[in-house]
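Working notes, structure below.
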Amino acid sequence: MREGEEKKKKKKKKKKKKKKKKKKKKKKKKEEEEEEKDRRKGRMKEEEEEEEEEEEEEEEEEEEEEEEEEEEGRGGGGEGQEKRKDEEEEEKKKKKKKKKKKKKKKKKKKKKKKRKKKKKK
Numbered sequence: 001m002r003e004g005e006e007k008k009k010k011k012k013k014k015k016k017k018k019k020k021k022k023k024k025k026k027k028k029k030k031e032e033e034e035e036e037k038d039r040r041k042g043r044m045k046e047e048e049e050e051e052e053e054e055e056e057e058e059e060e061e062e063e064e065e066e067e068e069e070e071e072e073g074r075g076g077g078g079e080g081q082e083k084r085k086d087e088e089e090e091e092k093k094k095k096k097k098k099k100k101k102k103k104k105k106k107k108k109k110k111k112k113k114k115r116k117k118k119k120k121k
């Protein structure tokens, strides 16, 4: 009888240990998922902020263009048209440069984030 009881006790202990291990695994998995969600939220916030900044810059550029158009409208004669074309070309060049700079900045930010991620792991 004693041997049978001891075997039952050992089985119960094993089951308890397995349950504890399972609970720990579940808990750990849940925590990791929550951390991942938080990271995603953080990324989403950063992306939203970047988009807002871009929109603001675009609005500023549009306002500048409108102001320049108003100033150009005041001038008269054939020379005004030539000046306007030259100025438009210059504006296009400036915009291209700005876009390139923005792209470079974004790439740098992404690289920085990747480095930080690797360091954390």
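Residue numbers (UniProt numbering): 1 to 121.
Built from N, CA and C at the ideal position, the CB exists for glycine as well.
Check                                                           : Outcome
Check whether Glu68 and Glu87 have beta carbons under 8 Å apart : yes
Straight-line gap, Lys41 to Lys113 (C-alpha atoms, nearest Å)   : 14 Å
Heavy atom of the ligand SAM within 7 Å of Glu87 beta-carbon    : This structure does not include the ligand SAM; it has no bound ligands of any sort.
Rounded C-alpha distance that separates Lys12 from Lys108       : 57 Å
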